[in-house]
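Reviewing the structure listed below.
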Amino acid sequence: MPKYADFHCDTLQKIYLGQVDFSRQNQAGHLDLPRLLASNYIFQCFAAFFNPALGQEAALRHTLRLLNIAKEQILSLPQVCWVKEAADIKETGDDKLLALLSIEGADFVGSDLFLLELVHNMGVRLITLTWNGRNSLGDGVLTGGNCSGLTGIGRRAVKTMQDLNIIVDVSHLSEKGFWDVSAIAAKPFVASHSNAWAVCSHPRNLRDEQIREISRNGGLIGMNLCPPFIAEAREGQNLPALVRHMSHIAGVGSVDVLCLGGDLDGIEELPQGMQDVRDIAKLPDLMETAGFSAKEIQAVCAGNLLRFLKENLE
Ligand SMILES: [Zn+2]
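Position 163 (the sequence shown) corresponds to 147 in my numbering; numbering is contiguous.
This is how it looks when you write it as structure tokens:
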């Protein structure tokens, strides 16, 4: 059975709302520690997300609150190993989970780039620059109208993040913003939870040129389980269709760029045939049917992500 590593979930929000106790098995939510370990997960990245409509001050407070919840209710558990540098990525045995802390949407920054250093000191190692709308760093994919790329602050933020060894995440970022990042990035960047636009033309998905650029740059693309990002019609929103996104990205870029970024607990519905994280076990057979080798399946399910972190966290 393959091992799994995943680049994006929103479980922190469920914990904050009191809907999930991460340390126990829950009826609610898509995942918790017992379900992850039972499903052979060895790594999960936990995102602190805040709907940015309430502005920077509220975003800062909420982001700090979620980071604190992550520390107290996930990262301090004896079965969890908090990954802050490359040396933390190691064989841990079946009863341990490696965990990374990320922030989805840099709305908390405003014009204060020192806050990037603050959250780095709190253990954050990946930041998704925007959510769907506009913030001080740049425009998200659903900004609409005159959708722009990165602002001056956004460009400085990318440099600051890469200097601090915070991974830059372009999921949710506008296409113009994507190319602004690629023009100034001195290190690989990632799309932690995005699929292929050529397979499903949702604005959250990546165009072929973007897939090629991330691949050329040595980055990663995490496969998202959000049904509307997989296929337009409900009857096509299933794991075989997700594997078609993988095949497309492997063909346009390479297998090395693929990982999982399921967006679990951040999405309302799951693909047909999935109840929660445990159904990820259906993926390897579907990948094999699509022509992926056993080595490639293990690389996509966990190996590529762990290799990337070993190479890019210092
Ligand atoms: Zn997201």
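Ideal Cβ placement from N, Cα and C applies to all residues, glycine included.
As the structure is a prediction and not an experimental result, all values here were calculated from the model.
query, result
"Shortest alpha-carbon distance to residue 1 belongs to which of 33, -13, -8?", "33"
"With residue 142 as the anchor, note down where its alpha helix (DSSP H) starts and where it stops.", "136 to 148"
"For residue 258, name the three-state secondary structure that DSSP assigns.", "coil"
"Just the C-alpha distance for residue 281 and residue 20, rounded to the nearest angstrom, thanks.", "18 Å"
"Per DSSP, which one or two residues make a beta bridge with residue 28?", "-10, 83"
"Buried or exposed: which applies to residue 200, given that a residue is buried once 16 or more other Cβ atoms fall within 10 Å of its Cβ?", "exposed"
"Pull up the CB-CB distance for residue 155 and residue 176, whole angstroms please, since I reckon it's below 8 Å.", "5 Å"
"If you count every other CB in all the chains shown that lies within 10 Å of the CB of residue 162, and 16 or more means buried, which is it?", "buried"
"Determine the closest residue to residue 292 out of 125, 8, 94, 152, with distance taken between C-alpha atoms.", "152"
"Return helix, strand or coil for residue 112, following the three-state DSSP convention.", "strand"
"Say the cut is 7 Å; is the CB of residue 253 nearer than that to a heavy atom of ligand 1?", "no"
"Does the beta carbon of residue 14 fall short of 7 Å from some heavy atom of ligand 1?", "no"
"Distance check for residue 7 and residue 45, CA to CA, integer angstroms please.", "25 Å"
"Let me check you understand the geometry: is the CB of residue 249 closer than 7 Å to at least one non-hydrogen atom of ligand 1?", "no"
"Whose CA, out of -1, 14, 92, -12, lies closest to the CA of residue 254?", "14"
"In or out: residue 277 buried (at least 16 other Cβ within 10 Å) or exposed?", "exposed"
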